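Colleague: Just passing along the structure, written as structure tokens.
Chains as they are written, first to last, in our numbering: chain A, -14 to 305; chain B, -14 to 305.
The structure is reproduced here in structure tokens:
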């Protein structure tokens, strides 16, 4: 099986690459990213491809011969809001260009599109399902929703065999804060564990819909392996997540790392973040995803322990 | 008020132009179309602009100085299904280009986007509302759904003041059959009224969601005049329609024009049409649209009488 990952130098991409290389059926793994990368493993099947997907050549070379394409590359939510044109190009045009390259290849590859809960926004029902209408309140969410429509129509037409998987906010992300509006969600856990202060721009009562990195990667791979028939007419799936409030997150942090850690979380306003994040739903009915075999995390303490275990195991997976 | 209409040479565009010119507040009306046009009226405010919206210059000239843009130009459903690239270009790229031109103009014009019930498809609830998730089963529907997301996000960002109005199938269209999958819906009324046979590619029990041309034009204008506040966060509205079965349509035809007319409707298969049309919903809850002041038609006999009256009044409105 020949596999390609875009955004493969990012945090989830590296973990995904590592998990895929542990599978003996993978013959070739192209890990593509716009930024320079270090290889996740010393493995002859691994090919690093640095380049910009805004070029058709790069898209064609990624799609060339691929049986499965994981399209993770994106302009994150905060940047897509601050720089509209960069978001349209990096999120919408890039997805279309890659789908076109896959179509031109004529192999009808599996195309796993990393979508996001950011497609949703008010007015929201109490519980979001796969039948809830999208109302993106950020350009990132709008661009992801358009990507889902592209993936669905390219699949319906037989150009690719696509799956658009809406990821919850992934927590705990290692490394440094980034330009995602959700960056603080990992920051309020990761930074205090390093003895650093972290700013929480939303209130204690705010609930979030979270996935651990381990479950996110397992669900991306599961999504690639699912037969098309199982998905029926609908190529879009809300992945399982865990509903956790900020207060519960900080309480779990305190149980794991003590009050000196939880005391490092400071509350303050960030209207730009709040405007985006406050519209995201936190309660989902993911019965369909579970019946399709996608995996659900346990309680939030396990998220923190997964992060600590990963960090202890070595930073190779978690840094470029 | 300066107004522009794309697809202004088409059937709805011409009626819309005529209705707008009856309004004294209109100072300038640019009617744009890719095909040559005859003017709908001898009116110094009317400017005909023939050209292809795939050129940025054409988009810029349409947006230039416009207070209101009605974007009706589209590649119809049957053609967008048969020619995927033409549909992507004519429906998605053109809409984006026009939105960009409006954004560049910096005047934040009202932007009325003619969307369609074709954004919907199975799985469908019993009754479709503005909160029903879209599942396009045609490329036309997917392209319209992406256009809605563009209009919504460009509005949220303040680039335009947009409204995406989902039109029911408009019936009775005058003129000749076209490449829309719904072309037969008008054909089975119009052709028998001319003494010609018409093929119905769907069964008698099939229900459709219809608007008369008069209500469609009135609702496009109403949509342009609505204050943005009335729409709230959601720029997309399912316009009112009438649920009618094929059998009811033919019975109304018989009441208006006698059994010699209804006998001219023949039933036969057209899998390409059936595949697209059978997924369209016919039952909507349009409480929101009605509360916003959009207009609803009466029974189907009135649709036929409107067509006959329009034809009697002269073909000037109904032909290019």
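In this text, a Cβ means the ideal position worked out from N, Cα and C, and glycines have one as well. Note that the structure is predicted; figures quoted are calculated from it, not measured.
For a contact meaning CB atoms closer than 7 Å, what does residue 69 of chain B contact in chain A?
Modeller: As a first step, residue 69 of chain B must be located in the second chain, where it is residue number 84. Those within 7 Å of residue 69 of chain B in chain A are 142.
Colleague: Going along chain A in order, which residues have a C-beta closer than 7 Å to the C-beta of residue 138 of chain B?
Modeller: Here residue 138 of chain B refers to the residue found at position 153 when the second chain is read from its first residue. Going along chain A in sequence order, the residues near residue 138 of chain B (Cβ under 7 Å) are 121, 124, 127.
Colleague: Is the beta carbon of residue 50 of chain B sitting closer than 8 Å to the one on residue 18 of chain B?
Modeller: Taking the first residue of the second chain as position 1, residue 50 of chain B is located at position 65. Taking the first residue of the second chain as position 1, residue 18 of chain B is located at position 33. Against a cut-off of 8 Å, the Cβ pair of residue 18 of chain B and residue 50 of chain B comes out as no contact.
Colleague: Against chain B, does residue 186 of chain A count as a neighbour if the rule is that its beta carbon must be under 8 Å from one of theirs?
Modeller: If you number the first chain from 1, residue 186 of chain A lands on position 201. Cβ-Cβ to chain B under 8 Å: no for residue 186 of chain A.
Colleague: Do three or more CB pairs link the region 103 to 121 of chain B to the region 223 to 239 of chain A at distances below 8 Å?
Modeller: The answer is no - the region 223 to 239 of chain A does not touch the region 103 to 121 of chain B, with fewer than three Cβ pairs under 8 Å.
Colleague: Go to residue 200 of chain B, then tell me how far its beta strand (DSSP E) extends in each direction, as first and last residue.
Modeller: Position 215 of the second chain, counting from 1, holds the residue named residue 200 of chain B. Premise fails: residue 200 of chain B lies in the alpha helix (DSSP H), 198 to 210, not in any beta strand (DSSP E).
Colleague: Report the residue from B:161, B:199, B:147 whose alpha carbon sits nearest the alpha carbon of residue 215 of chain B.
Modeller: Position 230 of the second chain, counting from 1, holds the residue named residue 215 of chain B. Checked all of B:161, B:199, B:147; the closest Cα to residue 215 of chain B is B:147.
Colleague: At least one CB of chain B closer than 8 Å to the CB of residue 177 of chain A: is that the case?
Modeller: Residue mapping note: residue 177 of chain A aligns to position 192 of the first chain, counting from 1. Residue 177 of chain A does not count as touching chain B.
Colleague: Which residues, in chain order, does the region 101 to 118 of chain A contribute to contact with chain B at a C-beta distance below 8 Å?
Modeller: So the close ones are 106, 107, 108, 110, 115, 116, 117, 118.
Colleague: When DSSP labels each residue in this structure, what does residue 38 of chain B get in the three-state scheme?
Modeller: The residue given as residue 38 of chain B occupies position 53 in the second chain. In the structure shown, residue 38 of chain B sits in coil (DSSP, three-state: anything other than H, G, I, E or B).
Colleague: Mind checking the region -10 to 24 of chain B against chain A and listing, in chain order, the residues whose C-beta falls within less than 8 Å of any C-beta there?
Modeller: Those residues of the region -10 to 24 of chain B that come within reach of chain A (Cβ to Cβ, closer than 8 Å) do not exist; the list is empty.
Colleague: For residue 20 of chain A, does the count of other Cβ atoms within 10 angstroms reach 16, so buried, or fall short, so exposed?
Modeller: Your numbering for residue 20 of chain A matches position 35 in the first chain. With fewer than 16 other Cβ atoms within 10 Å, it is exposed.
Colleague: Identify which residue in A:24, A:184, A:30 has its Cα closest to the Cα of residue 9 of chain A.
Modeller: Against the first chain, residue 9 of chain A aligns to sequence position 24. The residue with the shortest Cα to Cα distance from residue 9 of chain A is A:30.
Colleague: List the residues of chain B whose Cβ lies closer than 8 Å to the Cβ of residue 130 of chain A, in chain order.
Modeller: The sequence position of residue 130 of chain A within the first chain is 145, counting from 1. What residue 130 of chain A touches in chain B: 134.
Colleague: Using a Cβ-Cβ cutoff of less than 7 Å, which residues in the same chain neighbour residue 272 of chain B once the five nearest sequence positions on both sides are dropped?
Modeller: Position 287 of the second chain, counted from the start, is the residue given in the question as residue 272 of chain B. Here the set comprises nothing.
Colleague: Check whether the Cβ of residue 156 of chain B lies closer than 8 Å to any Cβ atom in chain A.
Modeller: Counting from 1 along the second chain, the entry for residue 156 of chain B is found at position 171. Not one chain A Cβ lies under 8 Å of residue 156 of chain B.
Colleague: Would you say the region 163 to 180 of chain A touches the region 127 to 137 of chain A, given that touching needs at least three Cβ pairs under 8 Å?
Modeller: Judged by Cβ distances under 8 Å, the region 163 to 180 of chain A makes no contact with the region 127 to 137 of chain A, as fewer than three pairs qualify.
Colleague: What would DSSP say about residue 269 of chain A, mapped onto helix, strand or coil?
Modeller: Translated into positions along the first chain, residue 269 of chain A becomes position 284. Three-state result, residue 269 of chain A: strand.
Colleague: If you check the beta carbons only, do residue 37 of chain B and residue 43 of chain B fall under 8 Å apart?
Modeller: Your numbering for residue 37 of chain B matches position 52 in the second chain. Your numbering for residue 43 of chain B matches position 58 in the second chain. Going by C-beta atoms, residue 37 of chain B is nearer than 8 Å to residue 43 of chain B.
Colleague: Using DSSP with H/G/I as helix, E/B as strand and the rest coil, what is residue 31 of chain B?
Modeller: Start at 1 with the first residue of the second chain, and residue 31 of chain B comes out as number 46. Here residue 31 of chain B sits in strand by DSSP.
Colleague: Run through the region 96 to 173 of chain A for me and flag every whole beta strand (DSSP E) of 3 or more residues, listed as ranges in chain order.
Modeller: Those beta strand (DSSP E) runs which fall completely within the region 96 to 173 of chain A and span 3+ residues are 146 to 152.
Colleague: Can you tell me which of A:-1, A:294, A:47, A:115 puts its alpha carbon nearest to the alpha carbon of residue 26 of chain A?
Modeller: For the purposes of this step, residue 26 of chain A is identified with residue 41 of the first chain, where counting begins at 1. Checked all of A:-1, A:294, A:47, A:115; the closest Cα to residue 26 of chain A is A:-1.
Colleague: Could you check how far apart the C-beta atoms of residue 226 of chain B and residue 196 of chain B are, in whole angstroms? I think they sit under 8 Å.
Modeller: For this step, residue 226 of chain B is matched to residue 241 along the second chain. For this step, residue 196 of chain B is matched to residue 211 along the second chain. About 5 Å separates the two Cβ atoms, so the contact holds.
Colleague: Hey, does residue 218 of chain A have any beta-carbon neighbour from chain B nearer than 8 Å?
Modeller: For this step, residue 218 of chain A is matched to residue 233 along the first chain. With 8 Å as the cut-off, residue 218 of chain A counts as an interface residue toward chain B.
Colleague: Start and end of the beta strand (DSSP E) containing residue 184 of chain A?
Modeller: Here residue 184 of chain A is taken as the residue at index 199 of the first chain, counted from 1. Run containing residue 184 of chain A: 183 to 185, per the beta strand (DSSP E) assignment.
Colleague: What does the alpha-carbon distance come out to for the pair residue 205 of chain A and residue 76 of chain A?
Modeller: Here the question's residue 205 of chain A lines up with position 220 in the first chain. Here the question's residue 76 of chain A lines up with position 91 in the first chain. If you take the alpha carbons of residue 205 of chain A and residue 76 of chain A, they lie about 18 Å apart.
Colleague: Considering only heavy atoms of the ligand NAP, does any lie closer than 7 Å to the CB of residue 114 of chain B?
Modeller: The ligand NAP is not among the ligands present in this structure, which contains no ligands whatsoever.
Colleague: Confirm, please, whether the CB-CB distance from residue 46 of chain B to residue 59 of chain B is below 8 Å.
Modeller: Indexing the second chain from 1 puts residue 59 of chain B at position 74. Indexing the second chain from 1 puts residue 46 of chain B at position 61. No. Outside cutoff.
Colleague: For chain A, find out if any of its Cβ atoms is closer than 8 Å to the Cβ of residue 274 of chain B; answer yes or no.
Modeller: Taking the first residue of the second chain as position 1, residue 274 of chain B is located at position 289. Cβ-Cβ to chain A under 8 Å: no for residue 274 of chain B.
Colleague: Answer yes or no: do residue 246 of chain B and residue 194 of chain B have a C-beta to C-beta separation smaller than 8 Å?
Modeller: Here residue 246 of chain B corresponds to residue number 261 of the second chain, with the count starting at 1. Here residue 194 of chain B corresponds to residue number 209 of the second chain, with the count starting at 1. No.
Colleague: Just to confirm my understanding: we take residue -11 of chain B, look at its own chain, exclude 5 residues before and 5 after, and list those with CB closer than 6 Å. What are they?
Modeller: In the second chain, counting from the first residue as 1, residue -11 of chain B sits at position 4. So the qualifying residues of the chain are 15, 47, 51, 54.
Colleague: Go ahead and label residue 143 of chain A buried or exposed: buried means 16 or more other beta carbons lie within 10 angstroms of its beta carbon, across all protein chains shown.
Modeller: Position 158 of the first chain holds residue 143 of chain A. Exposed, since its Cβ has fewer than 16 Cβ neighbours within 10 Å.
Colleague: Given that a residue counts as buried once 16 or more other Cβ atoms are within 10 Å of its Cβ, and exposed if not, what is residue 57 of chain B?
Modeller: As a position in the second chain, residue 57 of chain B is number 72, starting the count at 1. Burial call: buried.
Colleague: Is it a yes or a no for the region 184 to 194 of chain B touching the region 246 to 259 of chain B, going by three-plus beta-carbon pairs under 8 Å?
Modeller: The region 184 to 194 of chain B vs the region 246 to 259 of chain B: in contact.
Colleague: Decide yes or no for the touch test of the region 238 to 252 of chain A against the region 282 to 294 of chain A: beta carbon pairs closer than 8 Å, at least 3 of them.
Modeller: Yes, the region 238 to 252 of chain A is in contact with the region 282 to 294 of chain A.
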